[in-house]
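Encoded as structure tokens, the structure appears first; notes follow it.
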Amino acid sequence: MLVMTTSDTEATCGKCNVPVGRSLKSHEKNYHAPSISVKYMESDDSNQPTTLLLIRNKVTSRFECPFCKKTWLTCSSTRSHFYRHAGNCYDCSSENESSYEESDIEDTTIATIKMKATELITVLPESVDSPQRSFDESILRALRQSGCSTCERNKALWIVDSLKLKPFALLNGNQVEEIALTHCENLMPLIAKNQDHSFHVKHVTAGKKRAWDNSDISTNVNPTKNIEADLMSILHYGPYAEQLSKRCFKQLDINSCQLLNEDWTFLPQLRFACAQLLAGAIIMNRNNEAVLVNTVEIYGRQRSLDVHREKFVNKKGKSASSSLPPVTTKYHYTWATIMKDNEGDKLVVGTKTLNALITSSLRIDSIHEANVGGIISHFELDESAALTASIFLDIDSIKKASILASNQNANKVD
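Quick note, in UniProt numbering, the sequence shown goes up one by one and the last residue is 414.
In structure tokens, the structure reads:
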């Protein structure tokens with residue numbers, strides 16, 4: 001026997017050239033014994049075990065079971081097989097047997113694993129379970145939202161469904177799964193593109209993000225985020241989602257702004273049309289706090305048209321707060337602001353022609369008591385925030401206001 005010694009405490013087997021430390025004799029007995037005697041019970045009625053002599057194959061260096069033709073490299077794994085099955089191993093599962101016995105092998109052989117090409121499979125909603133997880137779980141896995149709250153998970157699923165995205169799985173040779181998302185129209189061509197389902201995955205470098213563009217709104221303020229998405233989140237996942245999700249809203253555009261700034265002298269019916277236009281509107285500040293306008297009172301700015309007009313006065317050399325829009329506003333000569341006076345804070349929508357006092361409102365992003373009266377206490381809108389406050393109009397109110405605006409007899413309504 002050739003023994004290669006690397007140090008005083010470490011030895012290397014001369015047959016397989018494997019470092020075995022101090023357990024050289026144990027290693028030789030387990031891996032290189034030419035034969036082994038195993039005992040097993042031939043039947044349940046047997047009183048004495050039967051001894052079987054197994055000879056190691058000189059070509060493969062492995063022991064073979066004469067009953068199920070399995071092979072093992074070590075004596076310990078061979079004895080374990082006969083001990084567990086007692087010779088009754090004709091029907092034992094090949095997969096389970098291998099996974100159990102190979103775990104006891106002291107195998108230091110370096111194996112080269114040949115990986116298959118990446119396989120692309122779809123995760124269909126009709127099936128309860130995909131090879132790894134369910135349809136919804138696959139989406140949450142792709143978005144890294146599996147550990148989030150129920151509200152956040154539902155929001156992610158709604159966004160994916162709105163964008164018509166579908167998940168698909170990438171499986172490697174070890175059946176390890178990674179989930180990706182693509183548009184439903186891209187999925188089937190992607191699968192049919194290559195018959196062998198092999199793809200090269202490349203990283204797409206992110207470019208500079210563009211700012212949200214709303215060309216219909218005349219403003220000098222450049223928005224930095226999509227306000228529409230923030231509103232949709234409140235409508236579908238706020239405390240009043242069941243009621244508000246059935247209604248449609250549109251951000252204040254140039255046509256509605258022009259209607260709010262028309263001269264009442266020539267079109268007296270606009271006092272009714274403007275009130276109808278703002279009824280049911282949503283006002284949202286930059287902190288994503290939003291109020292729903294329930295009732296509104298419209299006041300003209302000219303003394304000849306409205307005796308209760310907003311007055312412009314000076315107190316101790318300083319002008320009082322006014323709803324008259326400044327030069328720079330988010331919307332065309334239209335804005336929402338908080339007016340402060342001796343009575344308290346009042347939420348007002350102001351234009352060049354009118355000011356609309358919100359007399360009843362409801363916070364829709366969180367639970368608050370409804371506000372009744374001209375004084376508001378559950379919504380903040382300072383002077384700087386008023387320049388970027390967003391106004392969304394109810395689609396039904398826009399249609400009704402258009403009808404009233406075109407009705408020449410509307411001024412005769414009591």
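By construction, the Cβ of each residue, glycine as well, lies at the ideal position given by its N, Cα and C atoms.
Problem set entry | Sequence-distant residues of its chain with Cβ nearer than 6 Å to asparagine 355 (five each side left out) | By 1-based counting over the sequence shown, the position of residue 355 is 355. Closer than 6 Å at the Cβ level, and outside the excluded window around asparagine 355, lie Tyr299, Glu310, Ser323, Val348.
Problem set entry | Exposed unless 16 or more other CB atoms sit within 10 angstroms - verdict on leucine 244 | Locating residue 244 in the sequence shown gives position 244, counting from the first residue. Counting the other Cβ atoms within 10 Å of the Cβ of leucine 244 gives 16 or more, which makes it buried.
Exercise. If you compare alpha carbons, which of Ala275, Glu152, Ser162 is closest to tyrosine 237?
Worked result: Position 237 of the sequence shown, counting from 1, holds the residue named residue 237. Closest by alpha carbon: Glu152.
Exercise. Since tyrosine 31 is in the beta strand (DSSP E), which residue starts that stretch and which ends it?
Worked result: Taking the sequence shown and counting its residues from 1, one reaches residue 31 at position 31. Note, tyrosine 31: premise wrong, no beta strand (DSSP E); alpha helix (DSSP H) at 24 to 31.
Exercise. Near alanine 241, what residues of its chain come up, given a Cβ to Cβ distance below 7 Å and the 5 sequence neighbours on each side ignored?
Worked result: The residue labelled residue 241 in the question sits at position 241 within the sequence shown. So the list reads Leu235, once near-sequence residues are dropped.
Exercise. With respect to the beta strand (DSSP E) encompassing tryptophan 335, which residues constitute its N-terminal and C-terminal limits?
Worked result: For the purposes of this step, residue 335 is identified with residue 335 of the sequence shown, where counting begins at 1. Taken as a continuous stretch (DSSP letters only), the beta strand (DSSP E) holding tryptophan 335 covers 334 to 340.
For this session: Compare the C-alpha of aspartate 382 against each of Asp345, Ile364, Asp365, Ala405 and name the closest.
Result: The residue you call residue 382 lines up with position 382 of the sequence shown. With distances taken between Cα atoms, aspartate 382 lies closest to Asp345.
Problem set entry | Euclidean distance between Cα positions of isoleucine 55 and alanine 11 | Within the sequence shown, the letter at position 55 stands for residue 55. Within the sequence shown, the letter at position 11 stands for residue 11. Computed Cα separation, rounded: 27 Å.
Exercise. For the beta strand (DSSP E) that threonine 51 lies in, which residues bound it at each end?
Worked result: By 1-based counting over the sequence shown, the position of residue 51 is 51. That run of the beta strand (DSSP E) goes 50 to 55.
For this session: List the DSSP bridge partners of methionine 284.
Result: Residue numbering aside, residue 284 sits at position 284 when the sequence shown is read from its first letter. DSSP, once it has assigned bridges, lists Ala290, Ser390 as partnering methionine 284.
Exercise. Can you name the residues that DSSP bridges to alanine 356?
Worked result: Taking the first residue of the sequence shown as position 1, residue 356 is located at position 356. Partner(s): Ile298, Val349.
For this session: Examine chain D for any beta-carbon lying closer than 8 Å to the beta-carbon of aspartate 136, and answer yes or no.
Result: The question asks about chain D, but that chain is absent: this structure has only one protein chain.
Problem set entry | Three-state secondary structure (DSSP) of arginine 144 | Taking the sequence shown and counting its residues from 1, the one referred to as residue 144 is at position 144. Here arginine 144 sits in coil by DSSP.
For this session: With a cut-off of 8 Å on the beta carbons, I'd call serine 138 and proline 167 a contact; round off their distance for me.
Result: Here residue 138 corresponds to residue number 138 of the sequence shown, with the count starting at 1. Here residue 167 corresponds to residue number 167 of the sequence shown, with the count starting at 1. Indeed they touch by this definition, with Cβ atoms about 4 Å apart.
For this session: Look at the Cβ atom of cysteine 75, then the Cβ atom of lysine 29, and state whether they are nearer than 8 Å.
Result: For the purposes of this step, residue 75 is taken as the residue at position 75 of the sequence shown. For the purposes of this step, residue 29 is taken as the residue at position 29 of the sequence shown. Yes, they are a contact pair.
Exercise. Apart from the five residues just before and just after tyrosine 333, which ones in its own chain have a Cβ nearer than 6 Å to its Cβ?
Worked result: Stepping through the sequence shown from its first residue, residue 333 is reached at position 333. Correct list, in chain order: Asn261, Pro325, Thr351, Lys352.
Exercise. Are the CB atoms of serine 80 and lysine 155 nearer to each other than 8 Å?
Worked result: Walking along the sequence shown from the start, residue 80 turns up at place 80. Walking along the sequence shown from the start, residue 155 turns up at place 155. For serine 80 and lysine 155, no; Cβs fall outside 8 Å.
For this session: Quick one: give me the first and last residue of the alpha helix (DSSP H) that alanine 405 is part of.
Result: Translated into the one-based positions of the sequence shown, residue 405 becomes position 405. Under the DSSP assignment, alanine 405 falls in the alpha helix (DSSP H) whose first and last residues are 395 to 406.
Exercise. Quick one: complete alpha helix (DSSP H) runs, 4+ long, within the stretch 220 to 276?
Worked result: 227 to 237, 241 to 244, 254 to 260
Exercise. Can you give, in chain order, each stretch of the alpha helix (DSSP H) that sits fully within the UniProt domain "C2H2-type" (65 to 85) and has at least 4 residues?
Worked result: 75 to 85
Problem set entry | Own chain residues within Cβ distance below 8 Å of residue 431, not counting five before or after | Residue 431 lies beyond the residue range present for the chain, which begins at 1 and ends at 414; the question has no answer from this structure.
Problem set entry | Collapsed DSSP secondary structure at leucine 362 in the structure displayed | Start at 1 with the first residue of the sequence shown, and residue 362 comes out as number 362. In this structure, leucine 362 counts as strand in the three-state DSSP scheme.
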